[in-house]
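Working notes for the structure below.
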Amino acid sequence: MEKCLAVLDCPMVFEGENALGMSSMSLCPSIGIAPGLISRHVRVVEGQLVCVSIWQSLFCCRSFHDAAWRQRAETLFQSSYRLRIEEITQESDVA
């Protein structure tokens, strides 16, 4: 099974700023809560949150970033977020 990389790039949104009562961090996976999550790294630069997460498999990653997750992201960020998901292959580990 190949590992998977997910990179979320989105604006910082705080709980009181939207009808969902969610923040940008609410859409980031957490160790112990998101099945298959190996590691998560978060950084905020000039009002943009970047969350890089490594998953045990593409299936685990896509299970977390499902249709409900995408709907919440659209509500919070409209079209001003990017989510990139890609498998980590043996070749990319070496390079």
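In terms of the working numbering, the sequence shown opens at residue 74 and continues consecutively. Glycine included, each C-beta is placed from N, C-alpha and C at the ideal position.
Beta bridge pairing from DSSP links R157 with V80.
One Cα belongs to W128, the other to Y154, and the distance between them is close to 20 Å.
In this model, S103 and C133 are separated by some 13 Å (Cα to Cα). No residue range can be given for S130, since it is assigned to no beta strand (DSSP E) and is classified by DSSP as neither H nor E. In this structure C77 is not in contact with L122, their Cβ atoms being roughly 20 Å apart against a cut-off of 8 Å. F137 is a Cβ neighbour of A107, given a cutoff of 8 Å. Each of S152, T162, R145 was checked against the Cα of S96, and the nearest Cα belongs to R145. Excluding residues up to 5 positions away in sequence, C124, V125, S126 lie with their Cβ nearer than 8 Å to the Cβ of H114 in the same chain. According to DSSP, residue pairing for Q121 in a beta bridge involves P84, V118.
In this structure, E75 places its C-beta atom within 8 Å of the C-beta atom of S130.
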